[in-house]
Structure formats: C-alpha cells, structure tokens
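**Student:** Positions in the sequence shown are counted from 1; adding 1 to them yields this note's numbering.
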Amino acid sequence: MAIIEIKNLKKTYSNGHYAIKGIDISIKEGEFVVLVGPSGCGKSTLLRMIAGLEDISDGDLYFNDKRMNEVHPKDRNIAMVFQNYALYPHMTVYDNMAFGLKLKKMPKADIHQRVTAAATTLGLTEYLDRLPKEMSGGQRQRVAIGRAIVRQPDVFLFDEPLSNLDAKLRVQMRSEIKRLHRHLKNTMVYVTHDQIEAMAMGDKIVILKDGVVQQTDTPVNVFYHPENKFVAGFIGSPAMNFVSGKIVKEDELYFVNEGMKISVPPPLRVSMEKYLGKSVDMGFRPEYVYDKGLEKERRLSTDVEIEIQLVENVGSESYNHFTLHGMDTIFSYRSSSSNSHIPGEKVTVGIDLERLHFFDPETEKTIL
Ligand SMILES: Nc1ncnc2c1ncn2[C@@H]1O[C@H](COP(=O)(O)OP(=O)(O)O)[C@@H](O)[C@H]1O
Ligand SMILES: [Mg+2]
Numbered sequence: 002m003a004i005i006e007i008k009n010l011k012k013t014y015s016n017g018h019y020a021i022k023g024i025d026i027s028i029k030e031g032e033f034v035v036l037v038g039p040s041g042c043g044k045s046t047l048l049r050m051i052a053g054l055e056d057i058s059d060g061d062l063y064f065n066d067k068r069m070n071e072v073h074p075k076d077r078n079i080a081m082v083f084q085n086y087a088l089y090p091h092m093t094v095y096d097n098m099a100f101g102l103k104l105k106k107m108p109k110a111d112i113h114q115r116v117t118a119a120a121t122t123l124g125l126t127e128y129l130d131r132l133p134k135e136m137s138g139g140q141r142q143r144v145a146i147g148r149a150i151v152r153q154p155d156v157f158l159f160d161e162p163l164s165n166l167d168a169k170l171r172v173q174m175r176s177e178i179k180r181l182h183r184h185l186k187n188t189m190v191y192v193t194h195d196q197i198e199a200m201a202m203g204d205k206i207v208i209l210k211d212g213v214v215q216q217t218d219t220p221v222n223v224f225y226h227p228e229n230k231f232v233a234g235f236i237g238s239p240a241m242n243f244v245s246g247k248i249v250k251e252d253e254l255y256f257v258n259e260g261m262k263i264s265v266p267p268p269l270r271v272s273m274e275k276y277l278g279k280s281v282d283m284g285f286r287p288e289y290v291y292d293k294g295l296e297k298e299r300r301l302s303t304d305v306e307i308e309i310q311l312v313e314n315v316g317s318e319s320y321n322h323f324t325l326h327g328m329d330t331i332f333s334y335r336s337s338s339s340n341s342h343i344p345g346e347k348v349t350v351g352i353d354l355e356r357l358h359f360f361d362p363e364t365e366k367t368i369l
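1) Three or more beta-carbon pairs under 8 Å between the region 239-246 and the region 206-216, yes or no?
2) Residue 44: beta carbon under 7 Å from a heavy atom of ligand 2?
3) At a cut-off of 7 Å, is residue 195 close to ligand 2 when judged by its beta-carbon and the heavy atoms of the ligand?
4) Is there contact here, the region 48-64 with the region 152-160, by at least three beta-carbon pairs under 8 Å?
5) Where does the unbroken alpha helix (DSSP H) through residue 60 begin, and where does it stop?
6) Count the other CB atoms, across all protein chains shown, that sit within 10 Å of the CB of residue 153; report buried if there are 16 or more and exposed otherwise.
7) On the CB-based measure, 16 or more other CB atoms within 10 Å of its CB, does residue 303 come out buried or exposed?
8) In three-state DSSP terms, what is residue 2?
9) Taking a contact to mean a Cβ-Cβ separation below 8 Å, would you say residue 94 touches residue 125 in this structure?
10) Do the CB positions of residue 260 and residue 33 come within less than 8 Å of each other?
11) Between the C-alpha atoms of residue 66 and residue 103, what's the straight-line distance to the nearest angstrom?
12) What's the C-alpha gap between residue 174 and residue 117?
13) For residue 6, collect the residues of the same chain with a Cβ closer than 7 Å to its Cβ; drop the 5 residues on either side in sequence, then sort them by chain order.
14) Please determine if the region 301-315 and the region 352-365 are in contact, where contact requires at least 3 C-beta pairs separated by less than 8 Å.
15) When you compare the region 313-328 with the region 264-274, are there three or more beta-carbon pairs, one atom per stretch, that lie closer than 8 Å?
16) Looking at the structure shown, is residue 371 part of a helix, part of a strand, or coil, going by DSSP?
17) DSSP state of residue 202, grouped into three classes?
18) Under the criterion of a Cβ to heavy atom distance below 7 Å, does residue 160 qualify as lining ligand 2?
19) Using three-state DSSP, classify residue 230 as helix, strand or coil.
20) Could you work out which residue in 53, 129, 163 and 20 is closest to residue 44 when comparing CA atoms only?
21) Determine the extent of the alpha helix (DSSP H) in which residue 183 is found, giving its start and end residues.
22) Going by the DSSP bridge assignment, what does residue 300 pair with across the sheet?
23) Please report how far the alpha carbon of residue 145 lies from the alpha carbon of residue 337, in whole angstroms.
24) Looking only at DSSP bridge pairs, what is residue 1 linked to?
25) What's the C-alpha gap between residue 339 and residue 278?
26) Taking the alpha carbon of residue 335 as the reference point, which residue from 200, 312, 209 and 299 has its own alpha carbon closest?
27) Fully enclosed by the region 30-90, which alpha helix (DSSP H) runs are 4 residues long or longer?
And the structure:
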C-alpha cells in the first residue's frame with residue numbers, strides 16, 4: 002500500500018502561474034523518494050502541497066487512503082527540513098529541538114528522552130547548550146533534522162537541505178541522511194536540483210520539468226533507460242552528448258551525419274525502419290566512448306574520427322572535449338588519465354553500440 006498517493010495534482014498560483022500540471026506519484030511506506038529537476042520546475046511547490054503549506058488547486062492527495070487535501074498541516078504528522086534551517090537564533094540546540102514538543106504540551110521527561118535520543122543519533126550530544134550561531138553550517142542542518150526527528154513523524158519532507166553546505170560536507174551529510182533513513186525507516190521525500198545527489202540518495206527518483214513528471218524510476222533505470230531526451234540530458238555527469246542525423250538503408254540500417262556513420266543496433270532496427278529517410282536525434286554518454294584499440298570487450302561502432310579541443314584532468318580520469326568533422330558542437334568523453342590526449346590531437350574512437358539512445362526529434366521521446 003502506498004503511504005502517499007498523489008493523483009492528478011495541480012497548482013495554479015493566485016497570479017495565474019500554472020506551476021504543477023497534473024502529477025501522479027505513489028510513495029510506498031519506508032521509501033526514500035527524491036524529487037529532482039531544474040530550478041523553478043515546481044519541486045518546492047509540490048513538497049509544500051504534500052505538507053499542507055500550499056493549497057491544492059485540483060487533484061487528490063492521500064495519506065494511507067485518507068484524503069488530505071483539506072487537512073491542516075499540523076494534523077498531517079509530517080516534519081519538514083528546509084534549506085535555510087529555520088532555527089530560532091536565541092534558543093539553544095536543546096530548546097530548538099524541544100520547542101515543537103513543548104507546544105504540544107508533551108511531558109518534560111518525554112521531551113528530554115526524545116531530544117537526547119535524537120542528539121545521540123546525530124552526534125549533537127555535546128552541543129546541546131550552544132546557540133545556532135556558535136555552530137557550523139553542517140551542525141545547524143543536523144539540528145534542523147533533529148527537530149524533525151523528535152516529532153516522530155510518519156513522513157519526512159526535505160527541501161534542498163544540503164544546498165547551503167560546501168561540497169565536501171554535502172557529500173558527508175547525504176550519507177548521514179541515508180544512514181538515518183536506514184535507522185528510522187520512515188518514508189522520506191527529498192527535493193534537490195542536484196542530479197548526483199538524487200542518484201546517490203533515492204530508492205526512487207521523480208524527475209520534474211515545468212510542473213510535469215518526466216520519469217519516475219530507480220536511479221539505475223533513469224540512467225540506462227531514460228524515457229525522453231530531457232531525462233537523458235539531465236541525468237549523468239558530464240552530460241550525455243546529442244547529435245542529429247538521418248536514418249539510411251544500405252546493406253543495413255545506419256544513422257549518418259557529417260561526422261559519423263553508425264549501424265543501428267539490432268534491437269532497434271524494427272522501430273527505426275519507420276524513420277527511414279528522416280531525421281532522428283542520437284545520444285551517447287561520455288562513459289561509452291573508447292579510444293580504438295583500448296576497449297576489446299564491447300561491440301563498438303565503426304570508427305569515428307574526432308579532434309580533441311580541451312582536456313580536463315580530474316584525477317584518475319580525463320574529460321576529453323572534442324569536435325566531429327563538419328560540426329560546431331562540442332562533445333565529451335571520459336578516458337583514463339593515464340591515456341591522456343592533447344588539444345588539437347586527432348583520435349579514432351568507437352561508441353558502445355549497446356549504449357546508444359535514439360529520440361524522436363518532434364516528441365523527444367526515446368525510440369524503443
Ligand atoms: N507564491 C508564488 N506565486 C506565484 N508563483 C510562484 C510562487 N511560488 C513559486 N512560484 C513559481 O512557481 C514555479 C515553481 O516554483 P518552485 O516550486 O519554487 O520551484 P523549484 O522548487 O523547483 O525551484 C516557479 O516558476 C516559481 O516562480
Ligand atoms: Mg525550491
């Protein structure tokens with residue numbers, strides 16, 4: 002049974018802005034679901050509708066089969082953690098965590114038990130007497146999470162909780178939140194614009210664009226089986242390369258343009274027949290381009306001649322940015338930094354034929 006069922010949910014703001022355009026999501030008990038998408042796509046709006054902080058214009062929201070559309074936020078048994086922590090500056094860490102429970106008139110001893118337990122889980126025990134301004138960003142965010150934990154909610158909602166932290170701390174905190182999820186086993190809905198964070202954290206990822214769900218799937222599936230060009234380009238770093246070309250038939254079916262001629266992989270031949278003589282877009286990830294001769298295990302495309310424009314060395318590997326004959330676009334591929342290239346170098350590469358993605362240029366949907 003889904004603990005949260007979102008059915009054809011819509012939101013139009015009072016100024017007429019149509020922010021959420023009919024969204025369906027099922028969230029299971031104990032699931033860690035990440036809502037991800039570019040800034041302005043409606044992530045916070047949707048999360049706030051789940052929390053009850055934003056009115057629902059149309060559609061239904063259910064928690065455990067109970068319709069929640071008109072239920073007051075405080076009666077939804079959810080706890081929300083925000084990007085800006087929203088701690089009370091004049092209260093100690095202890096009081097910040099205890100405040101909500103005091104408002105509920107919970108007995109002091111119970112409050113103490115919950116706050117100390119949360120402090121232990123989050124490694125905050127020695128900071129309970131401090132004020133927020135005496136804590137680092139990461140510690141403050143932990144207090145904000147602690148304040149959510151002590152309420153023992155059914156559902157945790159996180160809105161970009163790590164965006165104010167530096168890169169290293171962000172990586173550390175995201176594994177702490179995952180560890181917390183394993184420990185508490187609550188349902189968690191986590192919003193981020195960062196696709197790497199989404200991939201690292203989600204049991205399930207919901208990719209949003211302009212108030213519309215583009216794909217709901219596991220991290221592995223959104224990477225290997227994107228349903229459209231937007232998802233293909235949004236997930237993965239460096240991003241997927243896209244080229245336009247035509248489908249032609251010679252001895253077999255080929256995708257061709259000025260810079261490459263690639264045989265259409267057998268599983269796609271039937272559906273690609275329909276595009277014979279027409280344009281399609283092709284996507285290939287930087288991970289699946291290989292220097293000819295170096296990769297023997299894979300079924301590679303016919304040779305593609307490229308010219309290296311720029312090389313970024315990021316440690317064990319290099320990102321090689323290149324052009325294809327006759328095209329202005331810059332593409333990229335990853336190689337081991339022990340096999341580094343230099344700008345201006347001409348290199349022969351092959352693309353893994355099992356890792357090609359084709360898209361209908363009009364609908365931008367993946368051709369299956
Ligand atoms: N109170 C509001 N009134 C009108 N438009 C809003 C309001 N809040 C957000 N929006 C608009 O709705 C869209 C979605 O916003 P938001 O949910 O905050 O996006 P995200 O969290 O994905 O960055 C944006 O275009 C934003 O400008
Ligand atoms: Mg937001």
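Positions of the beta carbon are idealized from the N, C-alpha and C atoms, including for glycine.
Being a predicted model, the structure only gives us computed values, none of them experimental.
**Tutor:** If we stick to the structure as given:
1) no
2) yes
3) no
4) yes
5) Segment 59-64 is the beta strand (DSSP E) holding residue 60; no alpha helix (DSSP H) there.
6) exposed
7) exposed
8) Note that residue 2 scores 46 on pLDDT, short of 50, meaning its location in the model is unreliable and no value can be drawn from it.
9) yes
10) no
11) 30 Å
12) 20 Å
13) 27 and 63
14) yes
15) no
16) Any answer about residue 371 is impossible in this case: the structure gives the chain only from 2 up to 369.
17) helix
18) yes
19) helix
20) 20
21) 168-185
22) DSSP output for residue 300 lists no bridge partner at all.
23) 41 Å
24) Outside the shown range of the chain (2 to 369) lies residue 1, about which nothing can therefore be said.
25) 42 Å
26) 312
27) 44-52
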